[in-house]
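Input: a single structure, listed below in structure tokens.
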Amino acid sequence: MSDVTESVQKADWKSEKHVPVIEAPESVKAGEAFEVKVSVGKEIPHPNTTEHHIRWISLYFQPDGDKFSCQVGRFDFAAHGESTKGANEGPAYTEPTATATVRINKPGTLQAVSFCNIHGLWESSAVVGVE
Ligand code: FE
Numbered sequence: 008m009s010d011v012t013e014s015v016q017k018a019d020w021k022s023e024k025h026v027p028v029i030e031a032p033e034s035v036k037a038g039e040a041f042e043v044k045v046s047v048g049k050e051i052p053h054p055n056t057t058e059h060h061i062r063w064i065s066l067y068f069q070p071d072g073d074k075f076s077c078q079v080g081r082f083d084f085a086a087h088g089e090s091t092k093g094a095n096e097g098p099a100y101t102e103p104t105a106t107a108t109v110r111i112n113k114p115g116t117l118q119a120v121s122f123c124n125i126h127g128l129w130e131s132s133a134v135v136g137v138e
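So the mapping is simple: my numbering equals the position in the sequence shown, first residue as 1, plus 7.
Rendered as structure tokens:
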């Protein structure tokens, strides 16, 4: 038996293409909107085919000192070349990138989890300070 935390893989996004990349300011003003971009494949592109693709990225925020994370956003990537003509003959592919506009009032950690349809769950995090 293995619990879910053991199946979420961690690595450096610069050397492992599955790791979600979080791009966010190191520090923000309390209550002021800022952008967080999440993506997979920034350094090493991940395939985007009917057989092999990134299905979704979820983004969370855990305030310092709090037990629980908040879900900030959930981004589904739904087009991967499917077609009545067959796999990879379709007209559209969704690349795994998304941007959320967020406000926080406490410092904490942004946490991203991505899911590859054949290579499973991957995570990363980024600290955000509050001025
Ligand atoms: Fe993969």
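We put the beta carbon where it would ideally sit given N, CA and C, even for glycine.
Assigned exposure category for V134 - 16 Cβ within 10 Å defines buried: exposed
Within 8 Å, strictly: CB atoms of A86 and Y100: yes
Status (buried if at least 16 other CB within 10 Å, exposed otherwise) for S22: exposed
Any non-hydrogen atom of the ligand FE closer than 7 Å to H87 Cβ: Outside the cutoff, so no.
Neighbourhood of the ligand FE [Cβ distance below 7 Å to any heavy atom], ordered by chain position: H25, H53, P54, H59, C123, I125, H126
C-alpha gap between G115 and W20, whole angstroms: Rounded to whole angstroms, G115 to W20 spans 21 Å at the Cα level.
Whole-angstrom C-beta distance between V47 and P103, which should lie under 8 Å: Under the criterion of beta carbons closer than 8 Å, P103 and V47 qualify as touching, at roughly 4 Å.
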